[in-house]
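Before any comments, here is the structure.
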Amino acid sequence: MAPLANPYVPFQLENPPKYEAKKALSRGTLFPGLDLPFLGTVNKDNLPATTLAELQALDFAIQELALYLDTHREDQDALELYRKYQQLYDRCRQVYEKKYGPLNHISAREGGYAWLDDPWPWDLGANKEG
Numbered sequence: 002m003a004p005l006a007n008p009y010v011p012f013q014l015e016n017p018p019k020y021e022a023k024k025a026l027s028r029g030t031l032f033p034g035l036d037l038p039f040l041g042t043v044n045k046d047n048l049p050a051t052t053l054a055e056l057q058a059l060d061f062a063i064q065e066l067a068l069y070l071d072t073h074r075e076d077q078d079a080l081e082l083y084r085k086y087q088q089l090y091d092r093c094r095q096v097y098e099k100k101y102g103p104l105n106h107i108s109a110r111e112g113g114y115a116w117l118d119d120p121w122p123w124d125l126g127a128n129k130e131g
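Offset between the sequence shown (1-based) and the numbering used here: plus 1.
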């Protein structure tokens, strides 16, 4: 039987430095201390300047902070940033949906259920922001 591998994950200190949301998404972590190269490669910061990319970055940062807060619930700075990103996400989502339509089925519009109307968010035609 082969021996088990022991992964190394750096211990996170209270209130560690954080990337801004877009850089966090492209780097794969919100926390610079956890930004380690994988197989010698380093991610580049090249997200498009679109509302959809901003939504993805905010969603990623919210998830990263939620995981961090699971183990650091007393970190008030992280909780404040978590709430700030939630508010920014909600505003950005409203702007996106007003212009391009719903992102998911929870975003039902007034006047009926339009989730099945084309184009869907992942359709090529729906992803043209400009």
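C-beta: ideal position from N, C-alpha, C; glycine also.
Assumed close pair residue i, residue j - CB separation to whole angstroms, cut-off 8 Å
{"i": "residue 83", "j": "residue 56", "result": "That pair is no contact at about 16 Å."}
{"i": "residue 13", "j": "residue 34", "result": "7 Å"}
{"i": "residue 25", "j": "residue 62", "result": "5 Å"}
{"i": "residue 32", "j": "residue 19", "result": "6 Å"}
Proximity below 8 Å, CB of residue i to CB of residue j
{"i": "residue 58", "j": "residue 23", "result": "yes"}
{"i": "residue 21", "j": "residue 73", "result": "no"}
{"i": "residue 93", "j": "residue 30", "result": "no"}
{"i": "residue 60", "j": "residue 90", "result": "yes"}
{"i": "residue 5", "j": "residue 27", "result": "no"}
First through last residue of the alpha helix (DSSP H) which encompasses residue i
{"i": "residue 25", "result": "22-28"}
{"i": "residue 99", "result": "77-101"}
### Task
Pair every Cβ in the segment 91-108 with every Cβ in the segment 34-44, then say whether three or more of these pairs are closer than 8 Å.
no
#### Entry: Length at least 4, wholly inside the segment 28-63: the alpha helix (DSSP H) runs in chain order
none
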